[in-house]
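Have a look at the structure below before the remarks.
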Amino acid sequence: MSDADRARSLRRRHMHERQAVVFGVLLAAMAVIGLGAAAVYTGSLSLPFVEEEFQAEPTPTIAAATFPCPPEGAKAEPYSVITVNVYNTTETSGLAATTMDALVARDFKPGTTGNLPEYAGTAQVVTGVASVARAYTLAAQVEGAQLVLDARTGGSVDLVLGTAYTGLLEPDQVALDPEAPLESPKGCTPFEQLVDPETGASKAPTSAATEG
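This is the structure we're talking about:
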């Protein structure tokens with residue numbers, strides 16, 4: 001073999017070696033990318049920049065911005081005068097209807113039932129200024145229920161069932177004395193501060209449930 005042939009053979013060998021290295025690196029990189037993508041897809045690997053860009057918008061819930069105290073001297077009202085709307089935010093089908101049936105069995109007046117976006121709590125009782133005493137009467141049926149004041153003008157109240165809701169209290173567990181004024185829970189805002197003194201209307205925003 002001549003010197004020229006040996007030189008060409010060496011060049012071909014070096015070229016093949018470089019190609020082998022390049023292809024090996026590419027294959028290794030593709031394998032790493034594939035494993036990383038699989039880990040992200042299955043949730044085994046969390047990438048902050050991916051989560052920031054592609055994370056789904058959180059489901060809105062009713063904001064509990066205002067927590068009213070009962071009006072001074074207000075007492076629990078008879079169940080028969082309280083119209084209740086029940087809204088289910090859980091994945092339990094029919095929960096609003098079964099809860100409404102249980103309330104009607106206690107003599108509450110049935111309003112509407114429906115669904116709302118998920119609320120991660122026990123329950124919310126949403127009311128307008130005209131129905132705060134009714135709302136406290138309803139809230140006493142659910143341990144841990146949270147009161148929310150909105151701008152509705154009607155007399156109905158909403159019971160929003162959250163994901164931690166497990167049912168109504170037994171009737172003998174409901175802490176209501178129809179002859180005694182309703183007690184103001186710790187942390188509530190005085191009722192007078194939430195009402196426009198000129199119009200008597202609520203200063204709170206309208207809730208996401210209903211204005212009935």
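For the sequence shown, the UniProt record's numbering assigns the number 1 to the initial residue and increments by one for each residue that follows. Even for Gly, the Cβ is constructed at its ideal location relative to N, Cα and C.
Excluding residues up to 5 positions away in sequence, A140 lie with their Cβ nearer than 8 Å to the Cβ of A175 in the same chain. Within the region 105-193, the complete alpha helix (DSSP H) runs of at least 4 residues fall at 132-139.
For R152, the number of other beta carbons within 10 angstroms of its own is at least 16, and it is reported as buried. Taking 7 Å as the cut-off, the Cβ atoms of Y136 and R106 do not count as close. The three-state secondary structure of T90, taken from DSSP, is coil.
Taken atom to atom, the span from the alpha-carbon of V125 to that of G73 is near 20 Å. Contact between L169 and V142 holds: CB atoms are separated by about 7 Å, below the 8 Å threshold. Taken atom to atom, the span from the alpha-carbon of P185 to that of T127 is near 16 Å. Exposure of G114 is indicated by the presence of fewer than 16 other C-beta atoms within 10 angstroms of its C-beta. CA-to-CA, the gap between F108 and N88 works out to about 18 Å. Shown here for G144: same chain residues with a beta carbon closer than 6 Å to its own, the five before and five after excluded, namely T122 in chain order. A distance of 7 Å or more separates the beta carbons of T99 and V84.
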